[in-house]
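Protein chains in written order, with this note's numbering: chain G, 13 to 126; chain R, 555 to 669.
Notes follow the structure.
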Amino acid sequence: DTAVSQTPKYLVTQMGNDKSIKCEQNLGHDTMYWYKQDSKKFLKIMFSYNNKELIINETVPNRFSPKSPDKAHLNLHINSLELGDSAVYFCASSQGGQGAYEQYFGPGTRLTVT
Amino acid sequence: AQSVAQPEDQVNVAEGNPLTVKCTYSVSGNPYLFWYVQYPNRGLQFLLKYITGDNLVKGSYGFEAEFNKSQTSFHLKKPSALVSDSALYFCAVRGPGAGSYQLTFGKGTKLSVIP
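See below:
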């Protein structure tokens, strides 16, 4: 069973389009995250939800909007895509948003903007 | 602010030899420290973590890490490297206390194990 799943795995789109990435976890965790990994493999936290409440909202363009319909799902919607948005986006989850809880990562969504 | 430094972009080691991947951190208070591994085209996998207590932490796939408070380090080690250990390794830190939600990652160290 896949613990943290993301769809789609690959996303190729043109500048200016709007796209969404979906994430689901079946681990019963109450905290979920979105990370962006750039071409140099640097990982940057974007958002985090704990029990459907936004707890981390890093400095990202407001073209990026997360939505958490329930504790098991966290989606990422991106408006007006730009070339610089090309990256791998990872969803993760953990039992608790603080302390020593490790995070479990999805397989990633490789977004290419042309 | 909390931060993590992985001073080596790449570590090369011969198969069968011991390996060390270095990590130093900066955080207010007692840290929670983590190591993750990323294989090509995959998500990150949790290897091990330090919470408190014994400074030597054992994790998955024969890896261990040594916490050194005075040197603010948390180096990843393995007694005998395998070719299959070749991957990208990330160290991460989170501070203590309420409100410390953010896990800060280092920039990663690429480990290459040479047959």
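For glycine and all other residues, C-beta sits at the position ideal for the given N, C-alpha and C.
{"query": "Rounded to a whole number of angstroms, what is the C-alpha to C-alpha distance between residue 88 of chain G and residue 579 of chain R?", "result": "30 angstroms"}
{"query": "Assess contact between the region 100-119 of chain G and the region 29-43 of chain G, defined as three or more Cβ pairs (one per stretch) separated by less than 8 angstroms. Is contact present?", "result": "yes"}
{"query": "Buried or exposed: which applies to residue 639 of chain R, given that a residue is buried once 16 or more other Cβ atoms fall within 10 Å of its Cβ?", "result": "buried"}
{"query": "Tell me which residue opens and which closes the beta strand (DSSP E) that residue 82 of chain G is part of.", "result": "76-82"}
{"query": "Checking the sheet assignment: what are the DSSP bridge partners for residue 49 of chain G?", "result": "G:55 and G:100"}
{"query": "Just to confirm, does residue 29 of chain G get its C-beta within under 7 angstroms of one of the non-hydrogen atoms of the ligand ZN?", "result": "Looking for the ligand ZN in the displayed structure turns up nothing, as the structure carries no ligands at all."}
{"query": "Looking at chain R, which residues of the region 29-56 of chain G have a Cβ within less than 7 angstroms of any of its Cβ atoms?", "result": "53, 54 and 55"}
{"query": "Show which residues of chain R have a CB atom less than 7 angstroms away from the CB atom of residue 114 of chain G.", "result": "588, 600 and 603"}
{"query": "Run down chain G in chain order and give the residues with a C-beta less than 7 angstroms from the C-beta of residue 656 of chain R.", "result": "57 and 68"}
{"query": "For the region 637-648 of chain R, which residues have a CB atom closer than 9 angstroms to at least one CB atom of chain G, in sequence order?", "result": "642, 644, 646 and 648"}
{"query": "Which chain R residues are close to residue 117 of chain G, counting only those with a beta carbon under 9 angstroms from its beta carbon?", "result": "590, 592, 596, 597, 598, 599 and 600"}
{"query": "Of all the CB atoms in chain G, is at least one closer than 8 angstroms to the CB of residue 661 of chain R?", "result": "yes"}
{"query": "Can you name, in chain order, every residue of its own chain whose Cβ lies under 8 angstroms from the Cβ of residue 586 of chain R, other than the five neighbours on each side?", "result": "603, 604, 605, 647, 648, 649 and 650"}
{"query": "So, residue 581 of chain R versus residue 573 of chain R, is the Cβ gap smaller than 8 angstroms?", "result": "no"}
{"query": "Across which residues does DSSP place residue 37 of chain G in a beta bridge pair?", "result": "G:16"}
{"query": "Applying a beta-carbon distance threshold of less than 7 angstroms, which residues of chain R neighbour residue 133 of chain G?", "result": "Outside the modelled stretch of chain G, which goes from 13 to 126, sits residue 133 of chain G, for which no answer is possible."}
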